[in-house]
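Asks: In my numbering, the protein residues as written are 11 to 66. Glycine included, C-beta positions come from ideal geometry on N, C-alpha and C. Predicted model, so just to flag it, every value in this text is computed and none were measured.
1. Excluding the 5 residues preceding and the 5 following residue 55 in the sequence, name in chain order all residues of the same chain whose CB lies nearer than 7 Å to its CB.
2. If you count every other CB in all the chains shown that lies within 10 Å of the CB of residue 46, and 16 or more means buried, which is it?
3. Between residue 24 and residue 49, is the Cβ-Cβ spacing less than 9 Å?
4. If you check the beta carbons only, do residue 22 and residue 41 fall under 9 Å apart?
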């Protein structure tokens with residue numbers, strides 16, 4: 011279940027990257043920071059869920 015949530019978060023991060031690449035000037039530094047945090051959080055959720063899945 012957590013892996014699906016992590017995948018959704020990663021997809022949202024990729025969509026945010028696509029949006030910010032189109033409208034760079036409106037987001038700027040804060041948008042880039044937000045996208046980075048979103049992707050790192052999604053990756054962390056996916057990695058931790060895959061580790062817990064392997065342990066079982």
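Replies: Quick look at the numbers:
1. 12, 15, 16 and 19
2. exposed
3. yes
4. It is not a contact, given that the beta carbons lie outside the stated cut-off.
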